[in-house]
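This report concerns only the one structure given below.
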Amino acid sequence: MKIFATYNIKGGVGKTSTAVNLGYLAARDGFRVLLWDLDPQGAASFLFRIKPKVKGGGKAIISGARAIDAAIKGTDYDNLDLLPADFTYRNLDLLLDSAKRPERKLARLIDPLKAEYDLVFLDCPPSISLLSESVLHAADVLLVPLIPTTLSVRTLDQLAEFVAGFNGHRPEVLAFFSMIDRRKRLHLQVSAELPESRAGFATTAIPALSLIEQMSVRRAPITAFAPRSIGARRYADLWREARQRAGL
Amino acid sequence: MRNGSCEFVLDDAAAGPDELVAAALEPGSDVSWADGGPVRTCRRAWLDTFDWRLYRAGLTLEQVSGRGFADLTLTGRDGEVLATERIGAGASGVRWPSLLSGLPSGPLRELLEPVVGVRALAPVARATSRIDERRALNAEAKTVARLAVDRMSVTFPARAVVPPRLSLAPVRGYQGQADRLGHALAHVLGISSGSGSALDAALAAAGRRPADRGGKGAEVQLTPAMPAPVAMVAILDALVDTIEDNVTGAVRDIDTEFLHDLRVAVRRTRSALKLAGHCLPVGLARRFRPEFRWLGDLTTPTRDLDVYLLSLPGMIAGLVAASEADLVPLRDYLARSRAAAHRDLARGLRSARFARLIREWRTELAAVRPSRKDQTVARLADGRITAANRNVLRTGRLITAASPPADLHELRKRCKELRYMLELFGSLHDPARRWQAVRELKALQDCLGEFQDAQIEREEIGVFAERMLAERSATAATLLAMGEIAAGLARRQRHARSVFDLRFADFAGPASQARLAALARTAAA
Ligand SMILES: Nc1ncnc2c1ncn2[C@@H]1O[C@H](COP(=O)(O)OP(=O)(O)O)[C@@H](O)[C@H]1O
Ligand SMILES: [Mg+2]
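Protein chains in written order, with our numbering: chain A, 1 to 248; chain R, 1001 to 1525.
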């Protein structure tokens, strides 16, 4: 089983859009996929029309396999299931804190799912927390959307440094530009320079497109409702790179 | 049925399902139906052995082919998927009938191996399904269940149209809503709760029942008061059915069991004629016994080589000094000899002589009429079982440590005759008591069988060696490996001989004899 996580400490950069579309594309490729909506805001759950509610809340989920199994919902798409968000996930940090070796807790929770799923996508909330640290330790590939500004570059460097400090399992970092706006000079400048100076940067960039924004109205992945659109094609390119990075 | 899904059948094959399923939604319900995408068409074939081993074991093996692919799926009794394997379609796929060795190795084949054994898998039904999906949506327009409307037309074993079958499968996590919907569907007029698998439905539409043939000579139901000739005709009719059922498979060489089952039916026929032929019209048994003997002999060379080839892997596994590679020339030689023997067999089974034998035998059996002075089958059975048992005892008691192997072979034949009598008249006996009564007999037969088979195989391997030398197809290494196999066979034979006295004493002992004697008292009961 491989674990992908969309990760950025900032909100509104395209994490959820990426998790939802790559999850869909992976399922369409025949992988059995579980998407775990870890964000109490429940954006991914909303996009799949699934109620952001888990029986027993975060506490039950942290307690293990039985609650996770009971909470999983099928999406409208073959091979793609969702573990919904819950309002109580905002306390996940406190719950993790009381666990043994909290930074490994998420990996331990996901492990029993490998009988049923080939891939897990973790859609993270925007924050630095025990939860995000646990995600970094669990993931095989971090998908890091960046909006091309100088600030975002700093974020990436910090993340790379942090992950490099892990001993043992280290996730691959696949950073890519998200919401690129061709009309903004800074975007063009940064997006032209950065990939050359940072190893492992994705060649695919996701442009800012109103059809991608439309996902929250249609409540479906753009790769499902407009598979031939430019946006969908870029996500497919990104998925190809992510697959390669994961060795799939 | 899978994952808590429910199955329905439309009572009217022509009915459009849409109006019917719409009726399942209560007014004001927040559930609605939506289209589930384009109609899919797939070709389906269900596979089983000639004697329905999978079906009898509660398993279903289905091949679904679409454009450019074929999936083989094995399901259990409640429809749960046990294994599935993608095989190529068309020329790169599996050509049925096929032995398991023709399937890709993997979990599916491993699950099939203990059930299917040496038998071939062949289609028992074929159909084309047009599957039209509807989705049940909740208030959020989220799919909570999928309804598949399966319009199936059967193309084999006969052309037929199956009434549309509906299956409602919940999406994971929405079982409650799906259950309510399923419950409502069951109450719509024109929709009935379905039972039975797609295979059952396909066979029923084609006018066939599963497992309706291929058993080892379906046991004939006798009643004690039946006149003996009537019972004999019923028994012999069933045996000739079995012979005929297995001819095609034996000629086409689909698997080795066809010939084996055919041979068993011939041997049973011969024993019945030998031991109970006197209750048939005068001269009938005498006239047909030589013909059935011919038929039996016709099948022997191929079967002997089959047995050798089937036991070869076991012999190879037991090699200590030689290696498998050394025996490749032997296997090639056996395969060539077997191919030649099978050509003769096929010619014989397609000959006018065989056709005439079966035709005339059936005519004669049909002409048998009971008369008032006939004994009952119960009396016949009692007498024949008693006599056959006496023959075993008499032959066996003469065997000493000094007896030649031929004497043990003779005893093996007597044992087989007794066993056949017990089987032919088996429906007169309580199954549990019969099973207990044959336990010692079976153990004795196993011992004698092991003794004789090992001896014959050892003699044969000597003959093979000479022939292979003559045709220069054996190297020294091959001959040495064959020598090792011969030594192993000799060991087996010696061991069988060493336990014989014990086995025979058990059989001839008071407990076993009392049980057999009880079976031979049906007329009195
Ligand atoms: N490439 C894009 N072009 C236009 N809008 C986008 C794009 N990616 C995401 N959005 C929109 O931006 C908002 C935030 O995106 P989201 O994927 O939820 O980010 P995050 O998960 O990082 O908060 C959403 O309304 C989404 O529809
Ligand atoms: Mg998000």
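Heads up, the beta-carbon is just placed ideally off N, CA and C, and yes, glycines get one too.
Sequence-distant Cβ neighbours of Arg-1515(R) in its own chain, meaning closer than 8 Å and more than five residues away, are Arg-1433, Gln-1436, Ala-1437. Ala-43(A) has its Cβ nearer than 8 Å to a heavy atom of ligand 2. Around the beta carbon of Leu-1480(R), a 10 Å sphere encloses fewer than 16 other beta carbons of the protein chains shown; the residue is thus reported as exposed. Exclusion of Lys-53(A) from the 8 Å shell around ligand 2 follows from its C-beta lying no nearer than that to any non-hydrogen atom of the ligand. Put simply, the backbone Cα of His-1278(R) is about 7 Å away from that of Ala-1285(R).
Linking Leu-174(A) to Ala-202(A) through their CA atoms gives a straight-line distance of about 6 Å.
In this structure, the alpha-carbon of Tyr-1333(R) lies about 18 Å from that of Ile-1456(R).
Chain order gives the chain A residues near Glu-1140(R) as Arg-49, where near means a beta carbon separation below 7 Å. Taking C-beta atoms as the reference points, Arg-1134(R) and Pro-1017(R) count as a pair closer than 9 Å. The beta-bridge partner set that DSSP reports for Met-1482(R) is empty. Thr-1084(R) has a beta carbon lying at 9 Å or more from every beta carbon in chain A. Counting of Cβ neighbours within 10 angstroms places Leu-25(A) among the buried residues, the total reaching 16 or more. From the beta-carbon of Val-1171(R), the residues of chain A found nearer than 7 Å are Gly-74.
Straight across, the Cα-Cα distance linking Val-1116(R) with Ala-1122(R) is about 11 Å. The beta-carbon of Asp-81(A) is placed less than 9 Å from the nearest beta-carbon of chain R. Take the alpha-carbon of Lys-100(A) and the one of Ile-1087(R): they are about 47 Å apart.
Under the three-state reduction of DSSP, Val-1124(R) is assigned to strand.
Interface flag for Arg-219(A) against chain R is set, since a Cβ pair is found closer than 9 Å.
Interface residue (Cβ-Cβ distance to chain R less than 9 Å): Ala-71(A) is classified as such.
Cα atoms of Ala-1454(R) and Ser-1311(R): separation of roughly 11 Å, rounded to the nearest angstrom. Look at the beta carbons and you see the region 1199-1207 of chain R not touching the region 1354-1363 of chain R: under three pairs across the two are nearer than 8 Å. Only residues of its own chain outside the window of five on either side were considered, and among them Gly-1296, Lys-1416, Tyr-1420 have a CB closer than 8 Å to the CB of Arg-1267(R), listed in chain order. Residue contact with chain A for Tyr-1308(R): absent (no Cβ-Cβ distance below 9 Å to any residue of chain A).
Closest in alpha carbon position to Phe-1069(R), among Ser-1092(R), Glu-1062(R), Asp-1306(R), Val-1039(R), is Ser-1092(R). Here Glu-1450(R) has Ala-1496 as same chain residues with Cβ atoms under 6 Å from its own Cβ, once five neighbours each way along the sequence are excluded. In this structure the region 2-20 of chain A does not touch the region 88-105 of chain A; the number of beta carbon pairs closer than 8 Å is below three. Judged by DSSP in its simplified three-state form, Ser-1337(R) adopts helix.
In its chain, beyond the 5 residues on either side, Ala-67, Ala-70, Ala-71 have a beta carbon closer than 8 Å to the beta carbon of Lys-55(A). When secondary structure is reduced to three states using DSSP, Ser-1323(R) falls in the coil class, being assigned neither helix nor strand. For Trp-36(A), the enclosing beta strand (DSSP E) begins and ends at 33-37. Taking 8 Å as the cut-off between beta carbons, the residues of the region 1142-1157 of chain R near chain A are Lys-1142, Thr-1143, in sequence order.
Taking a 10 Å sphere around the C-beta of His-1183(R), we find fewer than 16 other C-beta atoms and assign the residue as exposed. Apart from sequence neighbours up to five positions away, the residues of its chain that approach Ala-1250(R) with a beta-carbon distance below 6 Å are Phe-1258, Leu-1259, Leu-1262, ordered along the chain. In this structure Ser-1371(R) is exposed. Its beta-carbon is surrounded by fewer than 16 other beta-carbon atoms within 10 angstroms. Annotation for Gly-1066(R): no alpha helix (DSSP H) segment contains it, though the beta strand (DSSP E) segment containing it runs 1060-1066.
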